[in-house]
Amino acid sequence: MNIVLLNANQDCSSDIWSIEDQRQIKHLNQHLQLKAGDTLKVGVRDGQRYLTEVQSITAQQIMLRPIQAENVPNKVPVHLILALPRPKVLRRMIMDAVTLGVERISLIHSYRVDKSYWQSPFLQQLDDYVTLGLEQAGDTIVPEIQLYKRFKPFVEDVLPTLITEQRPAYVAHPYAEQSMPHAIAHGCNLIVGPEGGFIPYEIDLLKKNGCQAMSLGNRILRTETAVSNILGRLFV
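For the sequence shown, our numbering begins at 9 and goes up steadily by one.
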């Protein structure tokens, strides 16, 4: 945790703020061993981040005094479109994507996505994963997350509205002839399939609706490895 993320309803006009989330308090007490007078980086959800001074500490509450505002890290101009991964992988994927700074995430269905994944309780915990990712990155701005349970309507009706000359769509595909771009100077829509990849019909439909199929080389990567690899390649 590199920043403590407070709720958006925090009264920033007050001279004294409080941390009351028990997960955060436990982490701070165990790992930082805070004491009165220490400084602590704090962010207001979807707002500013601040350097604060610890005023008092109890088992239920940590009181803070804001000292100065600080800059929030810039987002990476990417709309990550991800075939819904296995529930246990979903947590890591969302946390890593948020930590890396993607500005928007869409979870979509595909042929190789088990329909049971859409009933997973992990989907009800997306906001918790987002919070953990923001705290890791020292960020405060929550990325928009949308769910699309039908592949074809998304590709034919939604995706074309997202693609522009300044914001193309790249679908990661190990058998594509073109290589994934490197160090681009514009935003993009990045589409990554499930474990096992998109089936040929899905690749063809994506290409028909404006996507460019791009390869990362002849190695088949796990989904979470592919996302980190591509983002690092696109935005060096």
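The beta-carbon is built from N, C-alpha and C at its ideal position, and this holds for glycine as well.
Checklist entry - For Ser-72 versus Leu-48, is the C-beta distance shorter than 8 Å? => result It should be pointed out that residue 72 corresponds to Leu in this sequence rather than to Ser. Yes, these two residues count as a Cβ contact at 8 Å.
Next on the checklist: Assuming His-39 is part of the alpha helix (DSSP H), what are its boundary residues?
Outcome noted: Per DSSP, His-39 belongs to no alpha helix (DSSP H) and is neither H nor E.
Checklist entry - Under a Cβ-count criterion, where at least 16 other Cβ atoms within 10 Å of its own Cβ denotes burial, should Arg-158 be classed as buried or exposed? => result exposed
Checklist entry - Should Arg-57 be labelled buried (16 or more other beta-carbon atoms within 10 Å of its own) or exposed? => result buried
Next on the checklist: If I follow the unbroken alpha helix (DSSP H) through Asn-197, where does it start and stop?
Outcome noted: Here Asn-197 belongs to no alpha helix (DSSP H); instead the beta strand (DSSP E) covers 196-200.
Next on the checklist: Using the Cβ count rule (16 or more neighbours within 10 Å means buried), how would you classify Ala-16?
Outcome noted: exposed
Checklist entry - Which stretch, first to last residue, makes up the alpha helix (DSSP H) that contains Thr-271? => result Past the edges of the chain, shown from 9 to 244, lies residue 271, and the structure says nothing about it.
Item to check | Val-12 - partner residues in DSSP beta bridges | outcome: According to DSSP, Val-12 bridges with Val-50.
Checklist entry - DSSP three-state call for Arg-116: helix, strand or coil? => result According to the sequence displayed, residue 116 carries Ile and not Arg. Correct three-state label for Ile-116: strand.
Next on the checklist: Considering only the alpha carbon of each residue, which of Thr-107, Ile-75 and Leu-198 lies closest to Asp-147?
Outcome noted: Thr-107
Next on the checklist: Assuming Ser-236 is part of the alpha helix (DSSP H), what are its boundary residues?
Outcome noted: Per DSSP, Ser-236 is one residue of the alpha helix (DSSP H) stretching across 231-242.
Item to check | Under 8 Å between C-beta atoms of Ala-180 and Ile-199 | outcome: yes
Checklist entry - DSSP three-state call for Glu-164: helix, strand or coil? => result helix
Checklist entry - Looking at the unbroken beta strand (DSSP E) that takes in Pro-85, where does it start and where does it end? => result 84-91
Next on the checklist: Here's a check: name, in chain order, each residue in its chain whose Cβ is nearer than 7 Å to the Cβ of Arg-241, leaving out the five neighbours to either side.
Outcome noted: Met-188 and His-190
Next on the checklist: Taking the beta strand (DSSP E) that Val-106 belongs to, which residues open and close that run?
Outcome noted: Segment 95-108 is the alpha helix (DSSP H) holding Val-106; no beta strand (DSSP E) there.
Checklist entry - With a CB to CB cut of under 8 Å and the five nearest residues on each side skipped, what residues in its chain are close to Leu-42? => result The answer, listed in chain order, is Leu-36, Leu-48, Val-62, Ile-65 and Ile-70.
Item to check | Contact under 8 Å by Cβ, Leu-231 with Pro-202 | outcome: The residue you asked about is not Leu; residue 231 is Thr in the sequence shown. In contact: Thr-231 and Pro-202 (Cβ atoms closer than 8 Å).
Checklist entry - Start and end of the beta strand (DSSP E) containing Val-138? => result Element bounds for Val-138: not the beta strand (DSSP E) but the alpha helix (DSSP H), 134-145.
Checklist entry - To the nearest angstrom, how far is it from the Cα of Ala-91 to the Cα of Leu-115? => result 6 Å
Checklist entry - What are the boundary residues of the alpha helix (DSSP H) that Leu-213 is part of? => result 208-216
Item to check | C-alpha distance - Val-150 paired with Gly-225, whole-angstrom precision | outcome: 32 Å
Next on the checklist: Mapping the DSSP letters down to three states, classify Gln-68 as helix, strand or coil.
Outcome noted: coil
Next on the checklist: Assuming Ile-27 is part of the beta strand (DSSP E), what are its boundary residues?
Outcome noted: 25-27
Checklist entry - Excluding five sequence neighbours on each side, which residues of the same chain lie with their C-beta closer than 7 Å to the C-beta of Arg-53? => result Leu-13, Leu-14, Asn-15, Ala-16, Thr-148 and Val-150
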